[in-house]
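> I have a structure I would like to understand better, so I am pasting it below and will then ask my questions one at a time.
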Amino acid sequence: MFRRGAAEPWTMVFDGRPVRARDGDSVASALLAAGIRVTRRTSVSGAPRGPWCMMGACFECVAIVDGRRGTRTCMTPAREGLRVDTQRD
Amino acid sequence: MTPSATEAGVVIVGAGPAGLAAAVETAKRGLRTVLLDENPAPGGRIWQAIEARGASDADEEAGIALIREFRASGAEAWYGSSVWGIEPDGTVFWSRDGAAGSLRGHRIVLATGTTERPMPLPGWTLPGVMTVGAAQIALKTGGLVPDGETWIAGQGPLIFLYAAQAIRAGGKLAGILDVSDRAARWRAVRHLPGAIADIRKGAGWWREVGRAGVPILRVTDIRAEGSGVLDRISFRAGNTQRTEAADLLLLHDGVIPSIQITRALGCAHVWDERQRCWRPTTNDWGETNVPGVVVAGDGAGVGGAAAAVLSGRIAGLGCTYALGRIDTATRDRAAAPLRARHAAALASRPFIDTLFAPRPVAPTDPVLICRCEEVTTGQIRRAVELGCQGLNQLKAFTRCGMGPCQGRMCGSSVAEVLAGARGLHPREIEPYRTRFPARPLTVGELAGLGR
Numbered sequence: 299m300f301r302r303g304a305a306e307p308w309t310m311v312f313d314g315r316p317v318r319a320r321d322g323d324s325v326a327s328a329l330l331a332a333g334i335r336v337t338r339r340t341s342v343s344g345a346p347r348g349p350w351c352m353m354g355a356c357f358e359c360v361a362i363v364d365g366r367r368g369t370r371t372c373m374t375p376a377r378e379g380l381r382v383d384t385q386r387d
Numbered sequence: 002m003t004p005s006a007t008e009a010g011v012v013i014v015g016a017g018p019a020g021l022a023a024a025v026e027t028a029k030r031g032l033r034t035v036l037l038d039e040n041p042a043p044g045g046r047i048w049q050a051i052e053a054r055g056a057s058d059a060d061e062e063a064g065i066a067l068i069r070e071f072r073a074s075g076a077e078a079w080y081g082s083s084v085w086g087i088e089p090d091g092t093v094f095w096s097r098d099g100a101a102g103s104l105r106g107h108r109i110v111l112a113t114g115t116t117e118r119p120m121p122l123p124g125w126t127l128p129g130v131m132t133v134g135a136a137q138i139a140l141k142t143g144g145l146v147p148d149g150e151t152w153i154a155g156q157g158p159l160i161f162l163y164a165a166q167a168i169r170a171g172g173k174l175a176g177i178l179d180v181s182d183r184a185a186r187w188r189a190v191r192h193l194p195g196a197i198a199d200i201r202k203g204a205g206w207w208r209e210v211g212r213a214g215v216p217i218l219r220v221t222d223i224r225a226e227g228s229g230v231l232d233r234i235s236f237r238a239g240n241t242q243r244t245e246a247a248d249l250l251l252l253h254d255g256v257i258p259s260i261q262i263t264r265a266l267g268c269a270h271v272w273d274e275r276q277r278c279w280r281p282t283t284n285d286w287g288e289t290n291v292p293g294v295v296v297a298g299d300g301a302g303v304g305g306a307a308a309a310v311l312s313g314r315i316a317g318l319g320c321t322y323a324l325g326r327i328d329t330a331t332r333d334r335a336a337a338p339l340r341a342r343h344a345a346a347l348a349s350r351p352f353i354d355t356l357f358a359p360r361p362v363a364p365t366d367p368v369l370i371c372r373c374e375e376v377t378t379g380q381i382r383r384a385v386e387l388g389c390q391g392l393n394q395l396k397a398f399t400r401c402g403m404g405p406c407q408g409r410m411c412g413s414s415v416a417e418v419l420a421g422a423r424g425l426h427p428r429e430i431e432p433y434r435t436r437f438p439a440r441p442l443t444v445g446e447l448a449g450l451g452r
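Keeping their order, the protein sequence lines are chains A and B. Under my numbering, the first residue of the first sequence carries the number 299, and numbering increases by one thereafter. Under my numbering, the first residue of the second sequence carries the number 2, and numbering increases by one thereafter.
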């Protein structure tokens, strides 16, 4: 898993639980730093998926961000209080 | 800066080395230049978040210097702006924070770089399996380092660069699984003279990895395993079959140009045998066969950041000339030293490309090859048995390449499997036809365009 030594001064919310983050984080990097690897379930088989390319190309890391489905968490800057939910298609 | 006027001399897509350099050349000669990038800051992937984290070596110092030059050039930067369509008249469609807009450029410079070559293997869709480039972005933007049960698999310089950067930042790696072809070393030897400086750099990373005690194993038959998420990997090292605990597996087998936009625009493409990929056909100024559309940097053929900067500057000069701001003599005088440096920057490519020639893509039937639509390699082979001849027909047979990534993550490997099944070379397989929008759009984004 990933970890980091740096301070994570504020929190966002993932599936109702607080996730610590810091300025410069994308939603995906904050989730990975918290040990969360799954952001969605596929529409075809329901398989879990999570960040793969981290650069907006693969659409694997999409989730429901502030109510918007299909949001690429790797391209979305994290911010305090942001609500992120696992996307189940 | 907020998106405003709807017309510019030059619209540049991508704020990496090539896009920044092209913008400097056009903006400083008085052309209104607008550069769009999806990210919140300039630098592209190679120099991602560089202003926030500071330069760590001479290559990154060059990045900081270029960004400074860009900021002083008068070019406008629209960050957080994702380009999803371009029309033949130069109208560029973009979205930002869920709202779409358009802007017309008299010249369009595409500096959209590359994506990592897909490396399909059993279990590669399990959460916890990512690309090496992805882990590097997490390191650059979020300061994330791998901790413990992290394995890297594949080949190429990026693996050792990332491993060295991760170790310097306090990360721990379980091991590196090297899949390179030993025989490629002999083929690469004749290209060695042009690559001495890069070999020295690579050897430095390799030593750092060795000093940290990270084992480097030559392996085959890598599998990612786990129920729901990655929890172990297996591989064959020599005659031994091994299974190891793993919560991250980072894959990498080089990078290939992103041709989504140039394909959709109808640009001609050429097969690059050494890099085993398609790239848009460009002339000495980066111009494609589509009037007004220019490609700069690695998106026109992989050469690395230093070469991309120079190709961006050359493309910028070409645009400035095409729009009547400089005459032929001025353009050529300015371009000559850039061309010499560009050639020097590319000198190590034959060695690197030969040493790390892409590994054959021949996954077993159950391996998912199209991640979005969950199409297996076997489904591709069955479709060929049923008479399917090409990639675009395969979409109708299997839906491969039709998910939200629009073939970015499977295009090259599906072509390899199709070619293998038909006994052809992949250059004989037309790549996926791509269409705009280049990414999924909401109805709200589209509706907003009319306003």
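Backbone N, C-alpha and C define an ideal beta-carbon position, used for all residues, glycine too.
Check for me: the beta strand (DSSP E) holding residue 374 of chain B runs from which residue to which?
By one-based count along the second sequence, residue 374 of chain B stands at place 373. That residue, residue 374 of chain B, is in no beta strand (DSSP E); it is neither H nor E in DSSP.
> With a threshold of 16 other CB atoms inside 10 Å of the CB of residue 367 of chain B, please say whether the residue is buried or exposed.
In the second sequence, the residue the question calls residue 367 of chain B occupies position 366. Exposed.
> What's the call for residue 187 of chain B, buried or exposed, on a 16-neighbour Cβ count within 10 Å?
Residue mapping note: residue 187 of chain B aligns to position 186 of the second sequence, counting from 1. Exposed, since its Cβ has fewer than 16 Cβ neighbours within 10 Å.
> What does DSSP give as the partner residues of residue 278 of chain B in its beta bridges?
Taking the first residue of the second sequence as 1, we reach residue 278 of chain B at position 277. DSSP, once it has assigned bridges, lists B:273 as partnering residue 278 of chain B.
> Assuming contact is defined by CB atoms lying nearer than 8 Å, are residue 243 of chain B and residue 124 of chain B in contact in what I supplied?
Taking the first residue of the second sequence as 1, we reach residue 243 of chain B at position 242. Taking the first residue of the second sequence as 1, we reach residue 124 of chain B at position 123. Taking 8 Å as the Cβ cut-off, residue 243 of chain B and residue 124 of chain B do not qualify as a contacting pair.
> May I ask you to report which of helix, strand or coil DSSP gives residue 128 of chain B?
As a first step, residue 128 of chain B must be located in the second sequence, where it is residue number 127. Three-state result, residue 128 of chain B: coil.
> Does residue 368 of chain A come out as helix, strand or coil in the three-state DSSP assignment?
Here residue 368 of chain A refers to the residue found at position 70 of the first sequence. In this structure, residue 368 of chain A counts as strand in the three-state DSSP scheme.
> Is it true that the CB of residue 7 of chain B sits closer than 8 Å to the CB of residue 103 of chain B?
Numbered from 1 along the second sequence, position 102 holds the residue referred to as residue 103 of chain B. Numbered from 1 along the second sequence, position 6 holds the residue referred to as residue 7 of chain B. A contact, by the Cβ cut-off of 8 Å.
> From residue 311 of chain B to residue 252 of chain B, what distance separates their C-alpha atoms?
Against the second sequence, residue 311 of chain B aligns to sequence position 310. Against the second sequence, residue 252 of chain B aligns to sequence position 251. Using only the alpha carbons, I get a separation of about 29 Å.
> Along chain B, in chain order, which residues have C-beta atoms closer than 7 Å to that of residue 340 of chain A?
As a position in the first sequence, residue 340 of chain A is number 42, starting the count at 1. Within 7 Å Cβ-Cβ: 375.
> Taking the alpha-carbon of residue 86 of chain B as reference, which of B:264, B:332 and B:118 has the nearest alpha-carbon?
Position 85 of the second sequence, counted from the start, is the residue given in the question as residue 86 of chain B. Ranking B:264, B:332 and B:118 by Cα distance to residue 86 of chain B puts B:264 first.
> Among the residues of its own chain, which have a CB less than 7 Å from the CB of residue 312 of chain A, if the five just before and after it don't count?
Residue numbering aside, residue 312 of chain A sits at position 14 when the first sequence is read from its first letter. If we look at residue 312 of chain A and ignore the five residues flanking it on each side, its Cβ neighbours are 329, 334 and 382.
> What does DSSP give as the partner residue(s) for residue 66 of chain B in the beta ladder?
For the purposes of this step, residue 66 of chain B is identified with residue 65 of the second sequence, where counting begins at 1. According to DSSP, residue 66 of chain B bridges with nothing at all.
> When you compare the segment 350 to 358 of chain A with the segment 124 to 134 of chain B, are there three or more beta-carbon pairs, one atom per stretch, that lie closer than 8 Å?
These segments touch.
> Answer yes or no: do residue 352 of chain A and residue 326 of chain A have a C-beta to C-beta separation smaller than 8 Å?
The sequence position of residue 352 of chain A within the first sequence is 54, counting from 1. The sequence position of residue 326 of chain A within the first sequence is 28, counting from 1. Cβ distance < 8 Å, so residue 352 of chain A and residue 326 of chain A count as in contact.
> So, is residue 329 of chain B buried or exposed, given that buried needs 16 or more other C-beta atoms within 10 angstroms?
Numbered from 1 along the second sequence, position 328 holds the residue referred to as residue 329 of chain B. That one is exposed.
> Which partner residues of residue 367 of chain B appear in the DSSP bridge assignment?
In the second sequence, counting from the first residue as 1, residue 367 of chain B sits at position 366. Partner(s): none; residue 367 of chain B has no beta bridge.
> With 16 other CB atoms within 10 Å as the buried threshold, where does residue 40 of chain B fall?
Taking the second sequence and counting its residues from 1, the one referred to as residue 40 of chain B is at position 39. Residue 40 of chain B comes out buried.
> Could you tell me which chain B residues have their CB closer than 8 Å to the CB of residue 323 of chain A, listed as they occur along the chain?
Stepping through the first sequence from its first residue, residue 323 of chain A is reached at position 25. Under the 8 Å cutoff, chain B gives 142 and 143.
> Check whether the Cβ atoms of residue 159 of chain B and residue 134 of chain B lie closer than 8 Å to each other.
Against the second sequence, residue 159 of chain B aligns to sequence position 158. Against the second sequence, residue 134 of chain B aligns to sequence position 133. Their beta carbons are under 8 Å apart, which means residue 159 of chain B touches residue 134 of chain B by this criterion.
> Quick one: grab the DSSP three-state call for residue 343 of chain B.
Position 342 of the second sequence, counted from the first residue, corresponds to residue 343 of chain B. Residue state, collapsed to three classes: helix.
> Can you give the Cα-Cα distance for residue 18 of chain B and residue 27 of chain B, rounded to whole angstroms?
For the purposes of this step, residue 18 of chain B is taken as residue 17 along the second sequence, with counting starting at 1. For the purposes of this step, residue 27 of chain B is taken as residue 26 along the second sequence, with counting starting at 1. Residue 18 of chain B and residue 27 of chain B: Cα-Cα distance of roughly 15 Å.
> If we ignore side chains and look at the alpha-carbon of each, how far apart do residue 64 of chain B and residue 323 of chain A end up?
Taking the second sequence and counting its residues from 1, one reaches residue 64 of chain B at position 63. Taking the first sequence and counting its residues from 1, one reaches residue 323 of chain A at position 25. About 21 Å.
> So if I threshold CB-CB distances at 8 Å, which residues from the segment 403 to 417 of chain B count as touching chain A?
Cβ contacts with chain A come from 404, 405, 406, 409 and 410.
> Should residue 2 of chain B be labelled buried (16 or more other beta-carbon atoms within 10 Å of its own) or exposed?
In the second sequence, the residue the question calls residue 2 of chain B occupies position 1. No answer about residue 2 of chain B holds up, because its pLDDT of 41 lies below 50 and its placement is not dependable.
> Hey, is residue 301 of chain A's beta-carbon within less than 8 Å of any beta-carbon in chain B?
Looking up residue 301 of chain A in the first sequence gives position 3. Taking Cβ atoms only, chain B reaches closer than 8 Å to residue 301 of chain A, which makes this a yes.
> Closest Cβ-Cβ distance between residue 249 of chain B and chain A: below 8 Å?
Start at 1 with the first residue of the second sequence, and residue 249 of chain B comes out as number 248. So yes, residue 249 of chain B belongs to the interface.
> Rounded to the nearest angstrom, what separates residue 321 of chain A and residue 148 of chain B at their Cα positions?
As a working note, residue 321 of chain A is residue 23 in the first sequence. As a working note, residue 148 of chain B is residue 147 in the second sequence. About 22 Å.
> Quick one: complete beta strand (DSSP E) runs, 3+ long, within the segment 197 to 231 of chain B?
You should have 217 to 219 and 221 to 226.
> With a 10 Å radius around its C-beta and 16 neighbouring C-beta atoms as the bar for buried, classify residue 378 of chain A as buried or exposed.
By one-based count along the first sequence, residue 378 of chain A stands at place 80. By the 10 Å Cβ count, residue 378 of chain A comes out exposed.
> Is DSSP giving residue 387 of chain A helix, strand or coil here?
Against the first sequence, residue 387 of chain A aligns to sequence position 89. Reduced to three states, the DSSP call for residue 387 of chain A is coil.
> Figure out for me which residue from B:277, B:298 and B:278 has the closest Cα to the Cα of residue 284 of chain B.
Locating residue 284 of chain B in the second sequence gives position 283, where the first residue counts as 1. Comparing Cα positions, the closest option is B:298.
> Answer yes if the segment 370 to 383 of chain B comes into contact with the segment 417 to 424 of chain B, meaning at least three C-beta pairs across the two stretches below 8 Å, and no otherwise.
With the cut-off at 8 Å, the segment 417 to 424 of chain B and the segment 370 to 383 of chain B touch.
> Helix, strand or coil for residue 299 of chain B, going by three-state DSSP, please let me know.
Looking up residue 299 of chain B in the second sequence gives position 298. Here residue 299 of chain B sits in helix by DSSP.
> On the DSSP letters alone, give me the boundaries of the beta strand (DSSP E) that residue 234 of chain B sits inside.
Numbered from its first residue, the second sequence carries residue 234 of chain B at position 233. Residues 233 to 238.
> Can you tell me whether residue 151 of chain B is buried or exposed? The criterion is at least 16 other CB atoms within 10 Å of its CB, across all chains shown.
On the second sequence, position 150 is the one that residue 151 of chain B refers to. When all chains shown are included, residue 151 of chain B counts as buried.
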